[in-house]
Each structure stands twice: as structure tokens, then as C-alpha cells.
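Down below is the structure, laid out as C-alpha cells.
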Amino acid sequence: DAGVIQSPRHEVTEMGQEVTLRCKPISGHNSLFWYRQTMMRGLELLIYFNNNVPIDDSGMPEDRFSAKMPNASFSTLKIQPSEPRDSAVYFCASRLLRDSPLHFGNGTRLTVT
Amino acid sequence: DQQVKQNSPSLSVQEGRISILNCDYTNSMFDYFLWYKKYPAEGPTFLISISSIKDKNEDGRFTVFLNKSAKHLSLHIVPSQPGDSAVYFCAASNNDMRFGAGTRLTVKP
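Residue numbers (our numbering), protein chains in the order written: chain A, 2 to 114; chain B, 47 to 155.
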């Protein structure tokens, strides 16, 4: 299995631009999570999906953030417009069952200048 | 809201000795707890877990202890090896999964 695949690995953009981060979960996993890692807040849960349905998006910082999961094999996290304070590493993770470990991708390092 | 807390940002131990990493949580609804290890430029990787019906789980050099009354869990690594040097995250789950801020472990040869 290829594991959770995130793209791009690095993204550098200017303030005000739209940014789209992509994630392919492990085949057969039915839950997908998006996290943001910063020095101040550690690994912060943004949103998670069960069976492609968003369950809890209370961690999404602002309306500038949106996430979709159009099918079981693909999810996107979009920031529009981006701001310098959005600079962080964004992780996607998936799991098979409720009480099973999350498997993480290698993250997307976002830099907004 | 920091529902999962790791109060020690860093820990340094000598090779061969025991490493003890601690974690506290506030939400009594959490029923599944995990430890992850993270190297730079990689995603966290699963290390060991424990269900709330247990108080100890062991896997080789790694043991996780859970004290539900104190809402506290810990990870013991015995013996510690230089390759264990990484950032360790504890996590707690009840449908979603919340993480602590991490503890950087350095094992000195």
C-alpha cells in the first residue's frame, strides 16, 4: 500500500492567493482527517470526514478555509485568500475504523509571503 | 481548547536508560489513546495504543500506561536508543482524535 499521499510537498504563495492542498487516503479507509502543525499549537485538528461526509469542522480557523471530499479516494483543503499566518505544515490522515490508528501523509509545508 | 497536554517540550536521556514521556487529558469521554513518533519532514507514525478498558499495553521496548482517574497516560521506552530521538505526540480519541503539542526526546550515546 502506498500510504496516505499528499500533494504538493511544498507550496510557496503570496498573500491573497488561493491555495489548494490535496490528499489521497489509504484505500478502504473510511475516515479522513486534516491537521495543521504549528510551533505554538502543535497538531491542531481542522476537520474530519466519515464516509466522505464532514462530521466536525469546528477546528477550521476561518471562513477562508474549506474542505471537500468528493469521493472516498480524494480530499482537498482550500484556503482563499491565503494570509501569512496560515504558514504551517498541513497533514492529512486516514483510518480504517473508529478505534484504529490514524495513518499520516508526509504533509504539505505551506509558506505564505 | 487544549484537551490533550504534553507539558514537557523536551526530554534528554542517556542511551540504555529509561525514557518516560507524560501526557494529560481533560475530556473524560476519550476512550482510545495513542502515541506517535515524528521525524523531521515526515508525518507522525503510529507507535502504540491503549483502550480505556486497560491500564497497560506493552510492545517490545515500549509500554503505555493509562491512569483514567488521573486522566494521565505515559510512554516508557526501555532501554532508550539513539534512534529513538524524535518528537513524540500523545493522542486521545472519541470519534475524532486530538493531539498534544509533542515532546522532543533526545537519546545521547
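Where a beta carbon is used, it is the ideal one built from N, C-alpha and C, also for glycine. It should be emphasised that the depicted structure is a prediction, and the values quoted were computed from it without experimental measurement.
Against chain A, the CB of residue 141 (chain B) has a partner CB under 8 Å away; the residue lies at that interface. Nearest Cα to residue 142 (chain B) within the set A:108, A:86, A:58 and A:92: A:58.
An exposed status is given to residue 17 (chain A), since fewer than 16 other beta-carbon atoms sit within 10 Å of its beta-carbon. Contact annotation for residue 135 (chain B) against chain A: 44 [CB-CB distance below 7 Å, chain order]. Among the CB atoms of chain B, none fall inside 8 Å of the CB of residue 98 (chain A). Put simply, the CB of residue 71 (chain B) is far from chain A, with every gap to its CB atoms at 8 Å or more.
Note: residue 79 (chain B) is bridge-paired with B:96 and B:138 in the DSSP secondary-structure output. Under the three-state reduction of DSSP, residue 110 (chain A) is assigned to strand.
Residue pairing by DSSP puts residue 8 (chain A) in a beta bridge opposite A:23.
Listed by position along chain B, the residues whose Cβ is nearer than 9 Å to that of residue 72 (chain A) form an empty set, because the closest Cβ is around 22 Å away. Just so you know, the alpha carbons of residue 105 (chain B) and residue 94 (chain B) end up roughly 7 Å apart.
Per the coordinates, the alpha-carbon of residue 65 (chain B) lies some 23 Å from the alpha-carbon of residue 144 (chain B). Each of A:22, A:64 and A:81 was checked against the Cα of residue 110 (chain A), and the nearest Cα belongs to A:22.
Under a criterion of Cβ atoms nearer than 7 Å, the residues of chain A adjacent to residue 88 (chain B) are, in order, 107. Taking a Cβ-Cβ threshold of 9 Å, none of the residues of chain B is close to residue 91 (chain A); the smallest such distance is about 11 Å. About 7 Å separates the Cβ atoms of residue 121 (chain B) and residue 108 (chain B), confirming a contact at the 8 Å cut-off.
According to DSSP, residue 51 (chain A) shares a beta bridge with A:32 and A:54.
Residue pairing for residue 59 (chain B): DSSP places it in a beta bridge opposite B:153. Chain order gives no chain A residues near residue 108 (chain B), where near means a beta carbon separation below 7 Å; the closest approach is about 14 Å. Against chain A, the CB of residue 78 (chain B) has a partner CB under 8 Å away; the residue lies at that interface. Short of 8 Å from the beta carbon of residue 74 (chain A), and not among the five residues preceding or following it, lie these beta carbons of its own chain, in chain order: 25, 26 and 28.
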